[in-house]
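A short write-up of the structure that comes next.
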Amino acid sequence: MWLRDKYGVENTYLFIGLVPGNKDLYTRLQEMGYVLVYKEVTYDGAGKVKGNRDADLVLKTVVDYYEKRFSKATLVTSDGDYAGLVKFLRERDSFQSLISPSNKCSYLLRKLDIPIVYLDTQKDKLKKRS
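Numbering follows the working numbering, in which position 55 of the sequence shown is assigned residue number 57; successive positions increment by one, without gaps.
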């Protein structure tokens, strides 16, 4: 897995909604090395899946930090809602880097003066692994 090879990531958690019918996807992700953390989903009026995982990711990261389950965290997100978590980790010298699409990375993250790897700069490396 690219995250393990490039950044020394030992555990890659994927916070994902548990959608009936996606069993093959979940199996494939686990085979690729992801640790899946499921959440029951709900549906909006149009039948679109809703499964906001922000609070779950923040809570898991903070608990793991205090239980010393990692030394440095790498986050893969473009969501500015995680700026507070990044600050928390950085203040404790436990933040390694952020990985995000360049065209979607929130200003709230970009302004933090943190190491950011933009996915579009890594396309060739990622394609070689498929």
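Just so it is clear, CB atoms sit at the ideal spot from N, CA and C, and this is done for glycine as well. Quick caveat: nothing in here was measured; it's all calculated off a predicted structure.
Beta-carbon proximity of residue i to residue j, cut-off 8 Å
{"i": "D58", "j": "F17", "result": "yes"}
{"i": "Y9", "j": "S99", "result": "yes"}
{"i": "L111", "j": "A85", "result": "yes"}
Backbone secondary structure at residue i - three-state DSSP
{"i": "G10", "result": "coil"}
{"i": "E33", "result": "helix"}
{"i": "L20", "result": "strand"}
{"i": "A48", "result": "coil"}
{"i": "L133", "result": "No answer is possible for residue 133: it lies beyond the span of the chain, which begins at 3 and ends at 132."}
Expected contact under 8 Å - CB spacing of residue i and residue j to nearest Å
{"i": "S80", "j": "P117", "result": "Incorrect: roughly 15 Å between the Cβ atoms, too far for contact."}
Closer than 8 Å to chain D by CB, residue i
{"i": "I18", "result": "Given the protein chain composition of this structure (a single chain), no chain D is represented."}
Environment of residue i [buried if 16+ CB atoms lie within 10 Å]
{"i": "A75", "result": "buried"}
{"i": "L77", "result": "buried"}
For the stretch 22-39 against the stretch 64-75, do three or more pairs of beta-carbon atoms, one drawn from each stretch, fall closer than 8 Å, so that the two count as touching? no
How do the stretch 25-32 and the stretch 45-56 stand: do at least 3 beta-carbon pairs fall below 8 Å, yes or no? no
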